[in-house]
Each structure stands twice: as C-alpha cells, then as structure tokens.
Amino acid sequence: MAPKNPLSHAKSPAVTRNVKHVVLGDLLFQTWYQSIYPEDLVSKDTDRLYVCRWCFRYSCDADAYAKHTRTCLHRATPPGTKVYDHGGYSVWEVDGEHHKLYAQNLSLFAKLFLDHKSVFFDVFSFLYYLLVFTDPKDSSYHVLGFFSKEKLSWDANNLACILVFPPYQHKQLGKLLMGVSYKLSGWERDRGLIGGPEKPLSEMGSRSYSRFWEERIARHILLQDMQTGDAPDSPQQKQKPSKGARKRPHHEIITVQDIGLATGMLTEDVITALKGMEAVEPATPSKKRKMPRTAIDNALDGSEAVIIRKSKILEWAKAHKTTLEDPINADGFVGEWAPRSIRQGSPNSGEEDEEDQEDEEEEGKENEVEEEDE
Ligand SMILES: [Zn+2]
1 MAPKNPLSHA
11 KSPAVTRNVK
21 HVVLGDLLFQ
31 TWYQSIYPED
41 LVSKDTDRLY
51 VCRWCFRYSC
61 DADAYAKHTR
71 TCLHRATPPG
81 TKVYDHGGYS
91 VWEVDGEHHK
101 LYAQNLSLFA
111 KLFLDHKSVF
121 FDVFSFLYYL
131 LVFTDPKDSS
141 YHVLGFFSKE
151 KLSWDANNLA
161 CILVFPPYQH
171 KQLGKLLMGV
181 SYKLSGWERD
191 RGLIGGPEKP
201 LSEMGSRSYS
211 RFWEERIARH
221 ILLQDMQTGD
231 APDSPQQKQK
241 PSKGARKRPH
251 HEIITVQDIG
261 LATGMLTEDV
271 ITALKGMEAV
281 EPATPSKKRK
291 MPRTAIDNAL
301 DGSEAVIIRK
311 SKILEWAKAH
321 KTTLEDPINA
331 DGFVGEWAPR
341 SIRQGSPNSG
351 EEDEEDQEDE
361 EEEGKENEVE
371 EEDE
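Under the UniProt record's numbering, the sequence shown has 210 at position 210, and the numbering climbs by one with no breaks.
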C-alpha cells in the first residue's frame with residue numbers, strides 16, 4: 001500500500017525523520033532522512049522499524065517481523081536475474097514491473113538514507129540492481145545496497161539512484177556498483193550508449209562519482225600502454241599527423257571524446273575528472289601564464305589544446321593511494337553480459353571486442369587533449 005506519488009525532497013532530516021532507527025536482519029542503525037511509509041502502518045515517531053533483510057517488508061512489531069523472517073519467500077535467493085558474480089559479491093537485476101512490492105519496499109527503505117533524490121514509486125519503469133554478498137560460511141546472503149536505472153532514459157542515464165546501506169559504506173562497494181552500471185550501459189557494444197548517472201548529483205554522489213571517474217581515467221591513461229603494448233590501432237591512440245606534427249617522442253594527440261569513447265564516459269564527466277586530478281595544463285603556458293585555469297577550461301571546452309602529463313596522473317594516483325585496480329572483474333559478468341570468450345568459448349573473441357570499439361564513429365574532434373609521457 002505504498003503511496004504512488006513521487007516523493008518530495010526532504011531537506012531537514014534531523015527534524016522530520018519519521019523513523020529513527022531500523023533493524024535490518026541482525027543490524028540496528030540510525031536513519032538519516034524521512035521516508036514515506038504509510039502512516040497507518042508506521043507512525044510519525046517510530047523509534048525502531050523492523051525491515052526484512054531479504055525482501056524489505058517492514059513492521060513496527062518485533063514479533064510480526066520475526067515470524068515473517070522465518071517464512072520470507074526470498075530468504076534463499078534474491079529475486080531477479082544475476083548479472084555479475086565475483087569474489088563473493090554478486091549483482092542481481094530486478095525488474096520493478098515483475099517485482100512491484102519488492103521494488104516499492106526497497107525504495108521506501110532506501111529513502112531513509114537518501115536526501116535529494118526523489119524515490120519514485122513508479123517502479124514499473126525502473127530496473128533495480130542489488131549488490132549481494134554471500135557468506136561463504138553458511139551461504140546466506142546479504143543485500144548491501146543497490147542502484148536503480150530507468151528502463152528508457154532519454155538522457156542515456158546509466159543510473160538513477162545509488163545507495164550502499166550505512167553499515168556497509170566505506171568499503172569501496174559504491175565503486176563496484178558504479179562500475180557495473182557503466183558495463184550495463186553497453187557502451188562497448190553495437191547500439192550501446194555512453195551515459196552517466198542522472199544529474200544533479202547529491203553532494204555525496206558528486207564526491208563519489210568524481211573519484212570514480214578520476215580513477216577510471218587514471219587507469220585508462222596509465223595502464224593503456226601496458227595493456228595494449230602501445231598498439232597503434234587502439235581507439236585512443238589513433239595518429240593524426242595533420243594536427244599532431246609535434247616533435248617530442250611519446251606524445252600523442254587525443255580528444256576528450258576519445259577518452260570518453262574508450263572509458264564509456266560522457267565528455268562532461270571526463271572533463272570533471274581531468275580538472276579534479278589537476279593533471280592538465282595549457283599547451284601554451286607562456287602566453288596563458290596569468291590565466292591557467294581559464295586556458296584549461298577553454299581547452300577542455302573545445303577551443304584549445306592542453307597537455308595531460310602521465311607523471312601528474314601518476315602523482316595523483318600515489319597521493320590518493322589508488323591501486324588503479326578495476327573495481328569490477330570483467331570475467332564476473334554472467335549471462336548476456338559475460339565476456340564473449342566465456343559465452344562462446346572462442347579464443348579470438350578479444351579481437352572482436354577491439355574491432356567493435358574501433359567501429360564506433362569518432363565525432364566532434366574539437367576537444368583536443370595532448371597526452372604526454374614524462
Ligand atoms: Zn522478507
């Protein structure tokens with residue numbers, strides 16, 4: 001009996017929280033924001049709400065909750081289809097249309113920890129991706145968080161809303177979900193889309209995504225050489241002699257769009273990351289000495305060239321103690337998302353993937369970025 005209307009923004013969580021604490025499985029923790037549980041079931045000053053860790057049904061009554069957990073239909077396995085499984089963590093796709101009550105209860109629970117995002121109860125048009133950890137000791141599973149995604153996003157958003165539940169935060173699990181969301185946008189495939197999260201982002205979302213994008217680009221730029229052995233035909237390294245008549249060695253010209261194509265990131269998100277890493281500098285420093293930031297902005301916005309120094313990116317990676325390890329494992333994807341080599345058992349499938357990338361049209365070359373080895 002969840003309300004059908006979109007939730008309005010809750011800006012003063014401390015004052016308006018209707019539920020103060022939740023019990024999720026054997027965990028008890030504070031809520032952060034107001035949610036819109038039906039008032040006839042959850043009063044406005046509920047201190048403790050019991051929420052099933054498997055299906056997110058809720059009750060203020062501890063006995064009713066205990067009774068439910070013994071018979072919960074989802075105790076053995078999450079609903080939906082598994083799309084990823086690696087290292088004990090799996091991701092399950094749940095269609096809001098087929099699991100309406102589940103999706104509504106998950107959304108109600110999530111709203112207790114989300115401020116600016118509207119949680120829509122139009123669950124029919126959303127897919128939900130649950131992050132699940134399976135305990136190797138007893139094979140029981142825990143849902144640690146999730147992200148939602150519009151089935152049809154006019155803005156090619158690959159993610160609408162993301163949440164790692166508070167007890168599981170600060171374990172890099174958000175990055176795993178973000179990585180999965182990029183993979184599932186299918187940008188590497190024919191008819192796939194380059195997309196990003198729905199905007200505007202919350203403050204926390206903005207911080208998390210900036211870091212995720214920075215690491216994604218750092219990984220791409222720093223590990224590219226090792227992975228491809230400087231293969232001249234990789235998308236990022238296409239030679240452009242007309243514009244690239246630079247004399248210095250290990251110096252290539254790429255565009256912001258090239259980086260976006262190679263990483264599945266929107267141009268604007270690539271720019272956000274490059275600025276965040278402070279790894280770019282004007283290509284003509286002597287003339288632009290007084291306004292370096294402006295020059296960088298101009299360049300990234302398409303009117304001038306800038307230099308990205310790998311040494312600066314390496315510095316950034318060291319300063320931020322990032323290992324450059326991909327938060328997701330490509331071999332962890334299952335079903336239609338599994339790597340071709342696993343799906344078809346074909347030893348040549350990797351080459352096909354590269355060809356797919358090359359087939360992508362390169363357009364809008366105006367945002368020139370020079371990438372330079374130090
Ligand atoms: Zn349940």
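All residues carry an ideal CB built from backbone N, CA and C; glycine is no exception.
The alpha helix (DSSP H) enclosing residue i, as first and last residue numbers
i      : result
Ile271 : 267-277
Ser107 : 100-111
His68  : 62-71
Lys321 : Element bounds for Lys321: n/a, residue is neither H nor E.
Gln257 : 256-263
C-alpha distance - residue i paired with residue j, whole-angstrom precision
i      : j      : result
Arg189 : Leu176 : 20 Å
Ser202 : Gln30  : 20 Å
Leu266 : Arg211 : 15 Å
Val23  : Trp213 : 34 Å
Tyr182 : Leu324 : 17 Å
Cys55  : Gly196 : 28 Å
Thr16  : Tyr141 : 32 Å
Leu159 : Arg343 : 26 Å
Asp258 : Ala273 : 14 Å
Ile254 : Lys149 : 31 Å
His170 : Ser206 : 15 Å
Met204 : Lys318 : 23 Å
Lys111 : Ile36  : 8 Å
Arg289 : Asp122 : Model confidence at Arg289 stands at a pLDDT of 47, short of 50, so the residue's coordinates are unreliable; what they give is reported in the following sentence. Taking the straight line joining both Cα atoms gives about 53 Å.
Ala330 : His86  : 9 Å
His320 : Met178 : 19 Å
Ser208 : Ile162 : 11 Å
Asn157 : Phe147 : 12 Å
Arg75  : Val51  : 13 Å
His68  : Asp61  : 11 Å
Gln224 : Trp316 : 17 Å
The beta strand (DSSP E) enclosing residue i, as first and last residue numbers
i      : result
Leu49  : 46-51
Ser181 : From DSSP, Ser181 is part of no beta strand (DSSP E) but of the alpha helix (DSSP H) over 173-184.
Trp54  : Careful: Trp54 lies outside any beta strand (DSSP E) and carries neither H nor E.
Asp95  : 89-95
Thr134 : 126-134
Ser148 : 141-150
Lys20  : 19-24
Val280 : 280-282
Asn158 : 157-159
Counted within 10 angstroms of its Cβ, other Cβ atoms place residue i as buried (16 or more) or exposed
i           : result
residue 375 : Lying before the first or after the last residue shown, residue 375 is absent from the chain, which here runs from 1 to 374.
Ser43       : exposed
Gln104      : buried
Thr263      : buried
Ala283      : buried
Arg70       : exposed
Leu73       : exposed
Arg191      : exposed
His251      : exposed
His99       : buried
Trp187      : buried
Glu278      : exposed
Gly174      : buried
Gly88       : exposed
Contact test: residue i Cβ vs ligand 3 heavy atom, cutoff 7 Å
i     : result
Trp92 : Inclusion of ligand 3 in the displayed structure is not the case, the ligand content consisting of ligand 1 alone.
Under 8 Å between C-beta atoms of residue i and residue j
i           : j      : result
Tyr33       : Leu114 : yes
Val280      : Ile307 : yes
Leu27       : Pro136 : no
Phe124      : Gly96  : yes
Ile217      : Val180 : no
Tyr128      : Val94  : yes
Ser185      : Thr134 : no
Val143      : Pro78  : yes
Leu41       : Val19  : no
Trp92       : Leu152 : no
Asp63       : His21  : no
Leu314      : Leu222 : yes
Val132      : Trp337 : no
Ile328      : Gly260 : no
residue 436 : Asp138 : Residue 436 lies beyond the stretch modelled for the chain, which goes from 1 to 374, so this question has no answer here.
Arg53       : Gly80  : no
Glu198      : Thr322 : no
Below-8 Å beta-carbon distance, residue i vs any chain C residue
i      : result
Glu214 : The chain labelled as chain C is not found in the depicted structure, where only one protein chain is given.
Specify which residues have a beta carbon nearer than 6 Å to any heavy atom of ligand 1, listing them in chain order. Output, sorted by chain position: Cys52, Trp54, Cys55, Arg57, His68, Cys72, His74.
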